[in-house]
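>
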Amino acid sequence: MPSDTRHFAAARRASRRSTCVRGNKTGAVIVHRGRLIGRGASVCSPNGEAYGEPIVSCPRKAAGAGTGERYELCSPIHAEEAAIIAALKTLAAKAASSDLRGAILYLTGHYYACWRCAALLRFVGITDIRIDPETALTNPDCHHRPPES
C-alpha cells in the first residue's frame, strides 16, 4: 500500500534518533485515522544517563546478552513504547480521546514487537502491527533474527 510505504519511511526517519549501539536502530510510528500521531526510537540509559544521550558502548553486548536478555543493564525505552507515549501526548494536547483502538503501529529495524511492547500495544488498543519488510531481515547488524528452521 502507498500509505504503508510512507509510514515505514517515517518510522525509518524516527529510527535515526535511536541511541542503541548494539547494531540496529529501531523506530516506530503510530497512525490513527490516517494521521501520524506518534513516533519513537529506542533509547537507552545505561548507568543512569539521561535518555537520548549518546551511548559509547553497549553493556548488554559486553555481558554477552542475547536477544531479549539483560535489559536491566541498559534500561531501554523501546521505539513502540516511545511512540505510544508521543501518540497519547498528541491526543491529550488536542483534547482528543485517548482511545488508540484501530490505530496502526509501523515498526522498522526489528522483525517483531517483543512481548512487553506487544502487551502494551494491546493494552492501549493497538492490534495492527506492521513490520517494515525493508529492514526486518535485511539489516546485517540486526541481532534480532528469526529462529533457524
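Numbering (the numbering used here), first residue to last: 1045 to 1193. From the three backbone atoms N, C-alpha and C, an ideal C-beta is built for every residue, glycine too.
In chain order, what are the residue ranges of uninterrupted alpha helix (DSSP H) at least 4 long that sit wholly in the stretch 1049–1101?
The qualifying runs do not exist here; there are none.
> Answer yes or no: do D1172 and A1147 have a C-beta to C-beta separation smaller than 9 Å?
Yes, the Cβ-Cβ distance between D1172 and A1147 is below 9 Å.
> Shortest alpha-carbon distance to D1143 belongs to which of S1089, A1085, S1062 and K1133?
Comparing Cα positions, the closest option is K1133.
> Across the stretch 1067–1075 and the stretch 1106–1126, are there enough close Cβ pairs to call them in contact, namely three or more that are closer than 8 Å?
Yes: the two stretches touch, three or more of their Cβ pairs being nearer than 8 Å.
> Taking only runs of the beta strand (DSSP E) that begin and end inside the stretch 1119–1159, which ones reach a length of at least 3 residues, in chain order?
Whole beta strand (DSSP E) segments, 3+ residues: 1148–1152.
> With a threshold of 7 Å on Cβ separation, who are the neighbours of K1105 within its own chain once the five nearest residues in sequence on each side are excluded?
Here the set comprises R1066.
> Enumerate in chain order the residues of its own chain whose CB-to-CB distance from K1136 is below 6 Å, with the five nearest sequence positions on each side excluded.
The sequence given here has Ala at residue 1136, not Lys. Within the same chain, A1136 has no close Cβ partners at all.
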